[in-house]
Every structure is written in structure tokens, then in C-alpha cells.
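Numbering-wise, the working numbering puts 1275 at position 122 of the sequence shown, and it's gapless, one number per residue. Worksheet: the structure to be examined is printed underneath.
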Amino acid sequence: MEFVYPILIFVVMGIVFGVLLVVISKVFAVKTDERAVQITEALPGANCGACGYAGCADYADAIVNKGAPMNACLPGGANAAAAIGDIMGVSVTASERMVPVLHCNGTCEATNRKFTFDGVQSCTAAKRFYGGTGVCAYGCLGLGDCVSVCENDVISIKDGIATFCTEKCVACNKCAKVCPNGLIELRSEKKKVDVRCSSRNMGKVAMQSCQNSCIGCKKCEKVCKFEAIIVENAYPVIDYDKCKSCGLCAKECPRGCIENLRKPKVVAPKPEPVKEKPAAEE
């Protein structure tokens, strides 16, 4: 009997505390809008933060309770926007598809290395040693921090710099966040002109560091008819809201550091008229 009473006491205490926990959970329960749960399930679940919120659940809550835009999920694209619109009972237009661009064209042939880095093969680690291995302190380090965070096999290192398979990209923006030199940017797929240099050096210094470097001559700024490009601190910045992708800045750039990705329209040649053969003389 000496063991029975302690056991009974613990059993009764367990029952009492259990009932109290149930009552407290009911009294202090936070009501969750079912629409937020449905929106979270409709999102891709990348939790990338490209929408400007901490994760998919936070974004879903912001849509329901704070009026956040319903087309801000770049990885989800048109499908996610349509699903969210159905849940909220409104029509949603999908945002423009975004693709990554690397503001550097410092290939192995175009620039040189100051030293060989034998430490941890990471761009962030290499940058801590004298600004990186490259002669240009602003260029791509080429050790693949962006490659390691990409979950869709979009990025690869070719000829010393990052290259993108834009067809696979879901615009999660993770690559841009880990680049220690801030060289990766997402822009609208409709815009076809990119600055492929991030050097802040000018003239001779820039030319000696990389064959593809911008020298801050401002020719691009002068020829732009739409005031879409401004050279700040020897670095050309494109305002994509004004840019018409005419490609004139790329054409006039003496260093070729502005790239025009517009594909010329291929016009099929007109078929030549069939010449009638003269009738054979009898």
C-alpha cells in the first residue's frame, strides 16, 4: 500500500494538469484563417524570401490579413498567382517572369589572377584574402557559392564565371543573396540589355584589370534617348522601367561590357518565282 498512494497522486495530478492544458488551449487559442492555410499549401514551399516575407506561411498570412500583393511569389509564377486568386475570390494577374543576370564578364581570358587560393573553396572565404584572387576586386570569384545554394541546377561555373540556364530558374533569389560581390540581379525577362561589369575603376586602371571592363566613359549615358542609363561612380546603372531594350548603348560601348540579348527576327526568304520552260519547238 505504501506505493499505491504515490501512484494515485501522480495519476490524479496528470489528469488535472491534462484537463487544465485542454482548457487553456481552448481559451487562449489563436484563430487561424483557413484561407491562409490554403494559400500556404498552394505556394511552392521554397521559403526563399523573394516575396519580401520570412517564408511562405508569413507571406500567406500577409495576403489574408495585411493585403499583401497576391502575385509576389516569383518561384510559383502564374500557377501560384491563379491559385491564390481562386482562394481569395479575385482575379490575379501574374507578375513578370524574372531571370538572373551576372554583372561581370571577367572570364579567364579577359582577366588574371593575383594568387592561387588553396583554402576553403568558397567565394566568401576567398574574398576575405585581399579582396579575392582576381586582379579586379569587383569581379566574379568563380568558386560557386551561388551554385551550392541553387536547388534547380540553374547555375554552373564556366570559364571562371557563373552562367545561368534561365529556363530552369524559379527566381528564388538565393544566388543573389550569397554572392559576396553582389553581382547577381533578377530582372524582367522582357528586358534584353544588361551591364556585364561591376568595376568602379576608371580608364587605364580598369583596362589593365580586365579586357571586358567598363572604363566610365559615359558614352552609353549620352546616346540613350530614354534617360534609362546613368553612370554613377564609373558604373553604368540601367533603370529597367525606362529602358526600351533598343540596344543603342550596347552598340556604342567601346569595351563591349553592355550586352544586348535581343534576338533579331529571322525573315524567311521569299521563294523565287518558278520560271516556265519554253515549249519545245516542233
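Built from N, CA and C at the ideal position, the CB exists for glycine as well. As the structure is a computational prediction, the values presented were derived from the model and not from experiment.
| Item | Value |
| --- | --- |
| Can you give the beta carbon distance from CYS1410 to CYS1289, rounded, assuming they're within the 8 Å contact cut? | Actually they do not touch by this definition, with Cβ atoms about 12 Å apart. |
| With DSSP collapsed to three states, give me the class of TYR1283. | coil |
| Is there contact between the region 1304-1321 and the region 1239-1257, where contact requires at least three CB pairs shorter than 8 Å? | yes |
| Taking C-beta to C-beta, are ASP1298 and CYS1332 nearer than 8 Å? | yes |
| Give me the residue from ARG1281, SER1275, ASP1394, CYS1325 with the minimum Cα distance to SER1301. | SER1275 |
| Any idea what DSSP makes of ILE1240, helix, strand or coil? | helix |
| Can you list the alpha helix (DSSP H) stretches of 4 or more residues lying completely in the region 1302-1382, in chain order? | 1327-1331, 1356-1362, 1372-1376 |
| Let me know the secondary structure DSSP gives VAL1254 once reduced to three states. | strand |
| When the Cβ atoms of the region 1234-1241 are set against those of the region 1271-1287, are three or more pairs found closer than 8 Å? | no |
| Do ALA1387 and MET1360 have their C-beta atoms closer together than 8 Å? | no |
| Which residues mark the beginning and the end of the beta strand (DSSP E) in which PRO1159 is found? | No beta strand (DSSP E) contains PRO1159, which is instead part of the alpha helix (DSSP H) from 1157-1180. |
| Nearest to CYS1201 by CA position, among ALA1279, CYS1303, ILE1168, is which residue? | CYS1303 |
| For PRO1407, write down the residues that DSSP places opposite it in a beta bridge. | PRO1407 pairs with nothing; no bridge assigned. |
| Restricting to Cα atoms, I'd like to know which of PHE1170, GLY1313, VAL1217 is closest to GLU1262. | GLY1313 |
| Does DSSP classify ASN1200 as helix, strand or coil? | coil |
| Evaluate contact between the region 1338-1355 and the region 1208-1226, counting only Cβ atoms and requiring at least three cross-stretch pairs below 8 Å. | no |
| Determine the direct distance from the alpha carbon of LYS1280 to that of LYS1371, and round the result to whole angstroms. | 29 Å |
| Can you tell me the Cβ-Cβ gap for PRO1389 and CYS1373, rounded? I've got them flagged as a contact below 8 Å. | 5 Å |
| CA-CA distance, VAL1209 and ARG1188? | Reading off the sequence shown, one finds Cys at residue 1209, where the question assumed Val. If I take the Cα positions, the gap works out to 13 Å. |
| Determine, using beta carbons only, whether CYS1328 and ILE1310 come nearer to each other than 8 Å. | no |
| Among the candidates LYS1404, ALA1381, PRO1407, whose CA atom is the shortest distance from the CA of LYS1397? | ALA1381 |
| Exposed or buried, what is SER1366 when buried is set at 16 or more other beta-carbons lying within 10 Å of its beta-carbon? | buried |
| Measure the alpha-carbon distance for PHE1268 versus GLY1259 and round it to whole angstroms. | 16 Å |
| Using 10 angstroms around the beta-carbon of PRO1228, count the other beta-carbons present and answer buried if the total reaches 16, otherwise exposed. | buried |
| I'd like the list of long-range same chain contacts for CYS1350, defined as Cβ closer than 6 Å, with 5 residues on each side in sequence excluded. | SER1366, CYS1367, CYS1410 |
| Kindly indicate which residue of VAL1358, ALA1195, GLY1335 has the alpha-carbon position closest to the one of THR1264. | VAL1358 |
| Can the beta-carbon of ASN1334 be found less than 8 Å from the beta-carbon of ALA1203? | no |
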